[in-house]
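Below is one structure, written out as structure tokens; the observations come after it.
Residue numbers (the numbering used here), protein chains in the order written: chain C, 6 to 119; chain E, 76 to 186.
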């Protein structure tokens, strides 16, 4: 069964450093998403991406965040200058359609900012 | 504020019993609801969805009920198994808006 893959599974970084989280969505999906989950809390929407541009973003997704689809398979989330409060599990997801609740999530990248 | 939420943060059931997980939403315009299961160390996994023109939808061992009058959604799991232990999230999707998750209910199955 096709799946969304994310790397790395864990990332430790110093405050102020840049991090890039990587994702390979399901190959025939056209819509891509990043969500995050702070430990023990709900899953929060960050950004959706379609046709090489951001479709929608939340208040969390400020100027420190950016997304990119550098080639035909990868989808990345960059945090330019990490803060302590960026520590969370970051999930990439993809879907076949936009108006759908059926998202396929990866296993996540646990980001720890020290 | 958030438009979806859950009545109970934890639920413990005996193996073989039925489980009922509840969810409340506040946005009357919501027209699409989804249940996700999140096992430890994994991302959320789609279980079942329901559109607002339906009251009930059944899957394999799971049933989702929607009561639009009181803005309430529930997930029923029949014959709960140890593998059902996870955190369950309801989520809302209206039109092309991003999926909004509730806070989650942790289901623990007692063998």
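Beta carbons: idealized from backbone N, C-alpha and C, even for Gly.
task = Over the uninterrupted beta strand (DSSP E) stretch that includes residue 54 of chain C, give me the two end residues.
result = 48-55
message = Contact criterion: CB-CB distance below 8 Å. Does residue 86 of chain E meet it with respect to chain C?
response = no
ask   = Cβ atoms of residue 110 of chain C and residue 119 of chain E: under 8 Å apart, would you say?
value = yes
key: the region 45-58 of chain C: positions lying closer than 8 Å to chain E by Cβ   = 46, 47, 48, 49, 50 and 53
request  = Give a yes or no on whether 8 Å exceeds the smallest Cβ distance from residue 112 of chain C to chain E.
outcome  = The beta carbon of residue 112 of chain C sits closer than 8 Å to some beta carbon of chain E.
Among E/115, E/114 and E/110, nearest to residue 132 of chain E - alpha-carbon criterion = E/110
request  = Can you pull the chain C residues whose beta carbon is under 8 Å from the beta carbon of residue 139 of chain E, in chain order?
outcome  = Those do not exist, as residue 139 of chain E stays about 12 Å from chain C at its closest Cβ, beyond 8 Å.
request  = Quick one: which residues of the region 85-109 of chain C get their C-beta closer than 7 Å to a C-beta of chain E? List them in chain order.
outcome  = 96, 103, 104, 106, 107 and 108
ask   = Based on Cα-Cα distance, which residue from C/47, C/102 and C/59 lies nearest to residue 73 of chain C?
value = C/59
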